[in-house]
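The block underneath contains the structure these notes are about, expressed in structure tokens.
Protein chains: 4
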Amino acid sequence: MARVASPALDELIGQRLAVLDDGFVRVVDYMGGDESIVQAARVSYGKGTKQLREDRGLIRYLMRHRHTTPFEMCEIKLHLRVPMDTWRQWIRHRTANVNEYSTRYSVAIDAAQRTDPAEWRRQSPENRQGSSTNLDLATGQALSAREAQLQELAREVYQERITRGVAREQARKDLPLSTYTEAYWKVDLHNLLHFLELRLDLRAQREIRAYARVLGETVVRAWCPVTWEAFVDYHLQSMSLSRLEIAVVHALSTQPERAMEVARASGLLKSGGSLEPTREGKEVGEKLALLGFVVPWSPPGRPD
Amino acid sequence: MARVASPALDELIGQRLAVLDDGFVRVVDYMGGDESIVQAARVSYGKGTKQLREDRGLIRYLMRHRHTTPFEMCEIKLHLRVPMDTWRQWIRHRTANVNEYSTRYSVAIDAAQRTDPAEWRRQSPENRQGSSTNLDLATGQALSAREAQLQELAREVYQERITRGVAREQARKDLPLSTYTEAYWKVDLHNLLHFLELRLDLRAQREIRAYARVLGETVVRAWCPVTWEAFVDYHLQSMSLSRLEIAVVHALSTQPERAMEVARASGLLKSGGSLEPTREGKEVGEKLALLGFVVPWSPPGRPD
Amino acid sequence: MARVASPALDELIGQRLAVLDDGFVRVVDYMGGDESIVQAARVSYGKGTKQLREDRGLIRYLMRHRHTTPFEMCEIKLHLRVPMDTWRQWIRHRTANVNEYSTRYSVAIDAAQRTDPAEWRRQSPENRQGSSTNLDLATGQALSAREAQLQELAREVYQERITRGVAREQARKDLPLSTYTEAYWKVDLHNLLHFLELRLDLRAQREIRAYARVLGETVVRAWCPVTWEAFVDYHLQSMSLSRLEIAVVHALSTQPERAMEVARASGLLKSGGSLEPTREGKEVGEKLALLGFVVPWSPPGRPD
Amino acid sequence: MARVASPALDELIGQRLAVLDDGFVRVVDYMGGDESIVQAARVSYGKGTKQLREDRGLIRYLMRHRHTTPFEMCEIKLHLRVPMDTWRQWIRHRTANVNEYSTRYSVAIDAAQRTDPAEWRRQSPENRQGSSTNLDLATGQALSAREAQLQELAREVYQERITRGVAREQARKDLPLSTYTEAYWKVDLHNLLHFLELRLDLRAQREIRAYARVLGETVVRAWCPVTWEAFVDYHLQSMSLSRLEIAVVHALSTQPERAMEVARASGLLKSGGSLEPTREGKEVGEKLALLGFVVPWSPPGRPD
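Chains as they are written, first to last, in the numbering used here: chain A, 889 to 1192; chain B, 889 to 1192; chain C, 889 to 1192; chain D, 889 to 1192.
This is the structure in structure tokens:
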């Protein structure tokens, strides 16, 4: 008997998968694979199931029914290089093991994430925590020049402090958040998938999404291909319908003429007899469109 | 400035809310309420939002978009009396604080959960981990008599061991799983709702569901009424549609004649041109019916 | 580059290491080893340290100074067979991943832990949660006979319920706590060592200590020998001295005649000028003896 | 029956306890107190103990024997204002609930931690992750002037980005780590004490120690005075002796002439018959001195 191995992931071990201008993801070690999930589920279910289902069906069943514990039986250890700003979001995922490069112990990594003039993003007018289209190039060039100036001064000041003998723990205090840090990050597959579900979402910040894409589409797909496929089908590309939304869909599929009334009773339209959707009503409309319905309160072709 | 209080929950403090034949749930202490969730969310969002939304809308927005951290800001401490068999399921929820009655330190609680003759449940033929209808009364009476005999012998043997000076930690080794235990259980609202989502599900075992109902419908509803309502709308009575299910609904609402083809391509029908659904196909059929669709592969009125 | 391997642990994979009358510990998979701890620590400390210390010294330094995160970088997955009574203690360690054999899904494991007539333990008169010497053989034989009778009835009743069609989830309700269960248990090395520190303690119950010994002395010692040695030196065989104990030792090593006075002021002697130690005073006395001091309030050779 | 209250902590609720130049700690809410710890311990121990011990003795017993779960029964919620650099250390304590001010959603807090010219610390020559004495005032003034220049430029650049319409999530990327952030931080008493044990240590960074002092000496002392006292006695001012150290103390107290030999055999002296201690040997020497022993390898009055 030997350890479970994933030949496709073995090939990736040690490779630096580039992200952003100077970041990377590198697989260092791992334990388990699709096979371990099946093995763990079968301990729970006892002998009875062995012949009945093949592995793929079992993994998909577990994913569909949110039986999450078998996915915790796989573990992966990554070496990351990430801007501190992105790391601030990353570290909020608490169920993981972390060893970060210490700027108390060693001189800070001399690299900061820089923005290409074409990559400055405009504040989204609708979504307070999002960005939208990119700014024009002339503005971008001015912004990138100032970014370089600021990063240069920060580097100089840090260097001066070190030279004058300031303790590293204090010298680092004004480093920009764009400074790269490195860490070993170890996590089980269930928690990694949860991280990916949140960080692959379009509302996640572009920088962390870039890491999530590499982790999902390169690393997890190579490591546990059956699980990745099930995750895409039952989580990433799934949709949740609330009690209110179920009622609206039910009306549309049985008595379409009552749909407006149902929507109004559920607070999806602005008050006072308006045909305009509330914020939640707009979100509902987007889902209905994906389900192939003509949204009664938002004429086709007229996105709101 | 003073602590956040929930007058409706204050009234419940100390009351034993009965569950099963001899169990209970008792609220001992708590921190926060609906108001604390809003307060925490506003720290995240900064000053800008104060005037813009009212509290109910904000709580519903957080629930709808799975912004879970503000719900972690409320905490509750309960005194529970639960059969050890149920406790074995309960304790699998790891994100909680626990102090359980120690049968090493003290003599075991002299009470075991008994089954009424009318309450013996038949093994479900379809769902390997479920039960279905109840057994007939004559059988139930025989089973309850044997239950009493076994519990009586277990009590005698335990008592003998204690009398003969056996260490309590060893004397307890053959207590039946039906023996009641007590514990203080402290949990934050987010994790309590997650517990309730799993344990109010119809597939959860009837005994733990009895506790979950009291915790949800009596305790949480009194403590955080706005959160409870949002939880019901966006979680308890919600439905998740997979990538495959979205495709089937889309077909039904736009080109119903293609729905069978889509379902077949997604593996929802048995192979070989069959019109019979697979196990997943049946589950999909149940959801479609709830959405008001005529399920193409399962004629109405003929449940499978 | 390849995964870190531990040849000594590779040899153990798949072997059932027997514990109690019918239990076992079996290593299923693992990630990392002593080498990974060093690797993780060096990410934290940066390049500067590579030449300065060799690995053993670094691991001992980390252990001595409670730098725990590098030890979280190793992970192990075990297959366990444990009486439910012991499992109730085991599962209280929350930072681990678990898949337990389901007696809802499958018929319960037909084995219960039995007590040899010579192995019945007497309740400790001093330590309310402990046991002391064994009971005499005649008593033990009577107790073992009654144990067999109870376990036999429990098996019969369980079997009857299954035969009559009772749902497995309900049929199991009166199984004795001595019934064996099985589980996959996955844990990182830091949390495993914490488990071992608590469960190798003489105050831990004998049954779980039997498992802890195999886990520590066979599994961890083979897997991470340098870490195991450091753990023994800095944790298992260490001693903690409180502020009060430091004061007493200081008095004994500088002005022995003042030691009684210091002890009295710290509440280690009973009030009213007594020379008798309090409960805490006895514990302090045991430590002083281990440190080679003549305990002033407990004449040598007269253990209390 | 009513919630447990701590009148001394009630008085602190809402007050901003100042830390550093512009930070604070503010108690927002809490649950429980010394009384809850006793209550939880008594559930574990059953009725038998009620009369036997008074509360103070029980709390001290629990603390001395590392019975940690009753301390998890108290919870506190704090509003913090902390430089991001300090927050990076703080957030590594994973067992807590957090809502941080979002600089994606709102404009960043316009305050950065500044260093007084007299407060620049020299890198410790011995301890790679520490600082030692302060730098001279002239150097400090130069460093503080440059700090002001850098912080001023960072503020300008951030403001420009916001003005030109850059998304907040991107505009913040070069904020200095000294920028203040705010958060709600909710934690149970056991984990708070663990945080304090690590962050009150002299090796912790001065900035986070300033917060830890307020949390310990003002907040916890007011909230749970008996627990705080026990924590000081059994943790903060305790000392751990390793297997090697126990052997050295034993030698010193029984056969002082053998102490050097024991120390040498344990690797506490440099190899080759040297009388010079290794790094670990120096640490042992410091402990021996605190215990009142003359350290054989380090003549009194000659600190190494």
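For every residue, glycine included, the Cβ atom is placed at its ideal position computed from N, Cα and C. Everything numeric in this text was worked out from a predicted model, so none of it was measured.
For alanine 1110 of chain B, three-class secondary structure by DSSP: Alanine 1110 of chain B falls in the helix class under three-state DSSP.
Whole-angstrom distance between alanine 1036 of chain A and arginine 1094 of chain A, CA atom to CA atom: 21 angstroms
DSSP state of arginine 1009 of chain D mapped onto helix, strand, coil: strand
Distance CB(valine 931 of chain A)-CB(glutamate 1070 of chain C) smaller than 8 angstroms: Result yes, Cβ atoms of valine 931 of chain A and glutamate 1070 of chain C sit closer than 8 angstroms.
Residues from the stretch 951-982 of chain B in contact with chain D, defined by Cβ distance under 8 angstroms: Thr957, Pro958, Glu960, Met961, Glu963, Lys965 and His967
Option in A:Ser1012, A:His953 and A:Glu1149 with minimal Cα separation from alanine 1055 of chain D: A:Ser1012
Interface flag, lysine 1061 of chain C vs chain B, CB-CB below 8 angstroms: Yes, contact with chain B.
Where threonine 1142 of chain A meets chain B, residues with beta-carbon distance less than 7 angstroms: Gly1180
Three-state class that DSSP yields for glutamate 1070 of chain A in the structure shown: Here glutamate 1070 of chain A sits in strand by DSSP.
Residue-chain proximity (proline 1064 of chain C, chain B), Cβ-Cβ < 8 angstroms: yes
Spatial distance of valine 1092 of chain C from threonine 1142 of chain C (CA atoms): Per the sequence shown, the amino acid found at residue 1092 of chain C is alanine instead of valine. Rounded to whole angstroms, the separation of the alpha carbons of threonine 1142 of chain C and alanine 1092 of chain C is 37 angstroms.
Cut-off 8 angstroms between Cβ atoms - residues of its own chain near alanine 906 of chain B, not counting five sequence neighbours on either side: Phe912
Own chain partners of methionine 961 of chain D with C-beta closer than 7 angstroms, once the 5 adjacent residues on each side are dropped: Gly920, Ser924, Ile925 and Ala928
Check whether arginine 1131 of chain D and aspartate 1004 of chain C have beta carbons under 8 angstroms apart: no
Segment limits, beta strand (DSSP E) that includes tyrosine 993 of chain B: Per DSSP, tyrosine 993 of chain B belongs to no beta strand (DSSP E) and is neither H nor E.
Whole runs of the beta strand (DSSP E) within the stretch 1098-1157 of chain B, excluding any shorter than 3 residues: 1127-1129
Cβ neighbours of threonine 983 of chain D in the same chain (closer than 6 angstroms, five flanking residues each side left out): Asn1079
Through-space distance from leucine 1038 of chain B to proline 1049 of chain B, alpha-carbon basis: In the sequence on display, residue 1049 of chain B carries arginine and not proline. Their Cα atoms are separated by approximately 17 angstroms.
Residues within the stretch 1009-1039 of chain D neighbouring chain A, beta-carbon criterion of under 9 angstroms: Arg1009, Arg1010, Gln1011, Ser1012, Arg1016, Gln1017, Gly1018, Ser1019, Ser1020, Leu1023, Thr1027, Ala1030, Leu1031, Arg1034, Glu1035, Gln1037, Leu1038 and Gln1039
Closest Cα partner of tyrosine 1099 of chain A within the set A:Met1148, A:Asp909, A:Cys1112 and A:Ile1134: A:Asp909
Proximal residues of chain A, C-beta to C-beta of aspartate 917 of chain C below 8 angstroms: Arg891, Val892, Met919, Gly920 and Ser924
The stretch 942-957 of chain C touching the stretch 1104-1120 of chain C, judged by at least three CB pairs closer than 8 angstroms: Counting Cβ pairs under 8 angstroms, three or more are found: they touch.
Stretch-stretch touch, CB-based, cutoff 8 angstroms, three pairs: the stretch 1133-1141 of chain D with the stretch 1071-1090 of chain D: no
Same chain, Cβ closer than 8 angstroms to leucine 1023 of chain B, neighbours up to 5 away in sequence not counted: Once the five neighbours on either side are set aside, the close Cβ partners of leucine 1023 of chain B are Trp1008, Arg1009, Arg1010 and Leu1031.
Whole-Å CB distance - serine 1019 of chain C paired with glutamine 1058 of chain B, under 8 angstroms assumed: Correct: roughly 6 angstroms between the Cβ atoms.
DSSP-derived helix/strand/coil call for methionine 889 of chain B: coil
Same chain, Cβ closer than 8 angstroms to serine 994 of chain C, five either side skipped, listed in chain order: Arg1056
Cβ distance (whole Å) where leucine 1157 of chain D is taken to contact threonine 1166 of chain D below 8 angstroms: 7 angstroms
Limits of the alpha helix (DSSP H) - the one that valine 1045 of chain A falls within: Per DSSP, valine 1045 of chain A belongs to the alpha helix (DSSP H) from 1025-1051.
Cβ of leucine 1041 of chain A within 8 angstroms of any chain D Cβ: yes
Where the stretch 1078-1106 of chain A meets chain C: residues whose CB sits under 9 angstroms from a CB there: His1078
Straight-line Cα distance separating alanine 1151 of chain A from valine 892 of chain B: 35 angstroms
Three-state class that DSSP yields for glycine 936 of chain A in the structure shown: The pLDDT assigned to glycine 936 of chain A is 44, lower than 50, so where the model puts this residue is not dependable; a value taken from the coordinates is nonetheless given after this. Reduced to three states, the DSSP call for glycine 936 of chain A is helix.
Minimum Cβ-Cβ distance from isoleucine 947 of chain C to chain A less than 8 angstroms: no
Three-state class that DSSP yields for phenylalanine 912 of chain A in the structure shown: In the structure shown, the three-state DSSP call for phenylalanine 912 of chain A is strand.
Endpoints, beta strand (DSSP E) assigned at asparagine 1022 of chain D: 1019-1022
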